[in-house]
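Novice: Numbering follows numbering that gives the first Met the number 0, in which position 93 of the sequence shown is assigned residue number 92; successive positions increment by one, without gaps.
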Amino acid sequence: MTKDSIIDVINRRTSWRSYDTDYSVPHEILDELKEYIASFETVGPFGNKARFELLRIPDGERNRLNSEYGTYGFIKGAEYFLAGAISKKKWALEDFGYIFEHIILKATELNLGTCWMAGTFKRSTIARDINLQQDEIIPAITPIGIPAESRRVVGKLIRFVIRAKKRKPWEELFFNEPFLPLKKEMIDESSQTALEMVRLAPSAKNKQPWRIVLDSKGNAHFYIQTESRDSHIHFYQRLDIGIAMCHFELTKRYFKKDGNWKALVPEVDFKSQPYHYVATWIEKND
Ligand SMILES: Cc1cc2nc3c(=O)[nH]c(=O)nc-3n(C[C@H](O)[C@H](O)[C@H](O)COP(=O)(O)O)c2cc1C
Numbered sequence: 000m001t002k003d004s005i006i007d008v009i010n011r012r013t014s015w016r017s018y019d020t021d022y023s024v025p026h027e028i029l030d031e032l033k034e035y036i037a038s039f040e041t042v043g044p045f046g047n048k049a050r051f052e053l054l055r056i057p058d059g060e061r062n063r064l065n066s067e068y069g070t071y072g073f074i075k076g077a078e079y080f081l082a083g084a085i086s087k088k089k090w091a092l093e094d095f096g097y098i099f100e101h102i103i104l105k106a107t108e109l110n111l112g113t114c115w116m117a118g119t120f121k122r123s124t125i126a127r128d129i130n131l132q133q134d135e136i137i138p139a140i141t142p143i144g145i146p147a148e149s150r151r152v153v154g155k156l157i158r159f160v161i162r163a164k165k166r167k168p169w170e171e172l173f174f175n176e177p178f179l180p181l182k183k184e185m186i187d188e189s190s191q192t193a194l195e196m197v198r199l200a201p202s203a204k205n206k207q208p209w210r211i212v213l214d215s216k217g218n219a220h221f222y223i224q225t226e227s228r229d230s231h232i233h234f235y236q237r238l239d240i241g242i243a244m245c246h247f248e249l250t251k252r253y254f255k256k257d258g259n260w261k262a263l264v265p266e267v268d269f270k271s272q273p274y275h276y277v278a279t280w281i282e283k284n285d
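(1) Buried or exposed, going by whether 16 or more other CB atoms sit within 10 Å of the CB of E27?
(2) Below 8 Å CB to CB, which residues in the same chain sit around H101 once its five sequence neighbours on both sides are set aside?
(3) Within 8 Å, do at least three Cβ pairs link the stretch 122-137 to the stretch 6-17?
(4) With a threshold of 8 Å on Cβ separation, who are the neighbours of R55 within its own chain once the five nearest residues in sequence on each side are excluded?
(5) Return the chain-ordered list of same chain residues with a C-beta closer than 6 Å to the C-beta of T1, the five sequence neighbours on each side being excluded.
(6) Return the CA-CA distance between Y222 and F120, expressed in angstroms with no decimal places.
(7) If I measure Cβ to Cβ from G76 and keep anything under 8 Å in the same chain, skipping five residues before and after, which residues do I get?
(8) Span of the alpha helix (DSSP H) holding T41?
(9) Tell me whether A91, by its Cβ, gets closer than 7 Å to a heavy atom of ligand 1.
(10) Judging by CA-CA distance, which residue of G112, A262 and S202 is the nearest neighbour of R237?
(11) May I have the straight-line CA-CA distance separating V152 from K165, to the nearest angstrom?
(12) When you compare only the Cα positions, how much space is there between P138 and I74?
(13) Quick one: residues in its chain with C-beta nearer than 8 Å to the C-beta of T279, no 5 flanking neighbours on either side, listed in chain order?
(14) How long is the line joining the alpha carbons of Q272 and S227, rounded to whole angstroms?
(15) Rounded to the nearest angstrom, what separates R210 and E52 at their Cα positions?
(16) Pull up the CB-CB distance for N47 and K88, whole angstroms please, since I reckon it's below 8 Å.
(17) Can we count S271 as close to ligand 1, meaning its CB is less than 7 Å from some heavy atom?
(18) For S14 and L199, what's the separation of their Cα atoms in angstroms?
(19) Nearest-angstrom Cα distance between A193 and E171?
(20) Please return the same chain residues whose Cβ sits closer than 7 Å to the Cβ of D257, not counting the five positions on each side in sequence.
(21) What's the gap between the Cα of P44 and the Cα of S23?
(22) Tell me the DSSP secondary structure of T225 in three-state form.
(23) Less than 8 Å between the C-beta atoms of H213 and I186, yes or no?
(24) Do R12 and I103 count as a contact pair if the criterion is CB distance below 8 Å?
(25) If you run the structure through DSSP and keep just helix, strand and coil, what is T1?
(26) If you draw a straight line from the alpha carbon of I281 to that of P57, how long is it in whole angstroms?
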């Protein structure tokens, strides 16, 4: 199998809520996903480590998920759920977002359907199934399975309500140093594509809270936008920014750009704005 580029994979990923109950995921595909999870250290840029378990839903129960897993009919027919847990520490959610999205993209590359779920599942059932420890949380799970031929009505409805395909325009998301809209024409191909891949990232309720300032040295400063300066950062938004960091880094690496993540003291003071600084991609210039 030729490996698809990360750009194709990111373009192909979409939240999938209905699965084909007539087929099972082939063993070799499942093994490849498991090997990927085992070989990937599952440590995020802030140093937190996550663990994952693939839970198989017995055949006769695939359609019985509503009560057990509490997906309230949103997810139909999935063969597996992949659940992740991480210790409650600083930056754990950002790290979880980053790590879990790597796995979601690997599953997408293997033509499996996935859907980030941080809200619509029953944490107590999953906690029991993965033997959750006291210091751990389950930030999110995803169904894993063969996508059904077409989306069911409920899946289509959810997508319509949250405008799943829609993304905010580039000018609202990406900026020059002091929050001036970034002009696409002024930046190199790797940055342009990496930012475009952030735009395509999934986010809770498709809120797209990521804001990025690209400075003249090619460093990218990642911020979370909240409703107001005083509103606290919701746990979904921490996952969302980790996902954005994953898309950005994988695209940069595809363009053979090396770099690393650092939490700097932000140089610019945005006190009057509802932007919360998270971290910076520091590009190694060759
Ligand atoms: C952190 C996070 C949490 C999410 N939680 C849920 C959820 O609980 N239930 C659900 O149906 N979709 C959930 N989603 C999926 C989003 O609604 C979806 O990613 C977004 O609408 C964009 O659509 P797309 O993934 O097809 O591009 C979640 C996504 C993210 C990133």
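Don't be surprised by glycine CBs; every beta carbon is placed ideally from N, CA and C.
Specialist: On the basis of the supplied data:
(1) Sixteen is the threshold: since fewer than 16 other Cβ atoms of the shown chains lie within 10 Å of the Cβ of E27, the residue is exposed.
(2) Around H101: F39, C245 and L249.
(3) No, because fewer than three Cβ pairs between the stretch 6-17 and the stretch 122-137 fall closer than 8 Å, the two stretches do not touch.
(4) The answer, listed in chain order, is E78 and Y79.
(5) Low local confidence applies: a pLDDT of 45 at T1 is under 50, so the model's placement there is unreliable, with the coordinate-based value given in what follows. No residues qualify anywhere along the chain.
(6) 28 Å
(7) S17, Y18, D19, T20, R61, N62, G144 and A147
(8) Premise fails: T41 is in no alpha helix (DSSP H) and is neither H nor E.
(9) no
(10) Taking only the C-alpha atoms, the option nearest R237 is S202.
(11) Straight-line spacing of the CA atoms in V152 and K165 works out to 19 Å.
(12) Cα to Cα, the separation comes out at about 18 Å.
(13) N218, A219, H220, F221, W260, K261, A262 and L263
(14) 7 Å
(15) 32 Å
(16) About 6 Å; that satisfies the 8 Å criterion.
(17) Incorrect: S271 has no Cβ contact closer than 7 Å to ligand 1.
(18) 12 Å
(19) 16 Å
(20) K283
(21) 34 Å
(22) coil
(23) According to the sequence displayed, residue 213 carries Leu and not His. Yes, the Cβ-Cβ distance between L213 and I186 is below 8 Å.
(24) Taking a C-beta distance under 8 Å as the contact criterion, I103 and R12 qualify as a contact pair.
(25) Unreliable positioning characterises T1 in this predicted model, as indicated by a pLDDT of 45, which lies under 50. The coordinate reading is nonetheless provided below. Coil at T1, not helix or strand.
(26) About 46 Å.
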